[in-house]
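Numbering (the numbering used here), first residue to last: 590 to 692. Beta carbons: idealized from backbone N, C-alpha and C, even for Gly. Here the structure is a predicted model, which is why all the values come from computation and not from measurement. Only one structure is covered here, and it is reproduced in the block below.
Encoded structure:
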């Protein structure tokens, strides 16, 4: 029988959760005791956007997430080249480009 490392945990990922949820906007707020990350999907021509997922983190875990994201972005760029960020002003409304379609 195999020994399991006592620091190892089993993580279960359901089929529904494995599909993921698309978001193209994140809003981060914080208090003295927590960080709240709201992931939102904004679509062209739709005046109302919905929060698709909310994650609440302690400040320590928020900093660990920041470090993990930085590490992964660096690894991605090493393998695939620099990620280009468009120099667009931040704010609303989001510009999806192109013309508005008509039905």
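Limits of the unbroken alpha helix (DSSP H) element including residue 635: That residue, residue 635, is in no alpha helix (DSSP H); it is neither H nor E in DSSP.
Cutting at 6 Å between CB atoms, please list the residues of its own chain near residue 598, excluding the five before and the five after it. none
Tell me, which residues are paired with residue 619 by DSSP? 624
Go ahead and label residue 624 buried or exposed: buried means 16 or more other beta carbons lie within 10 angstroms of its beta carbon, across all protein chains shown. buried
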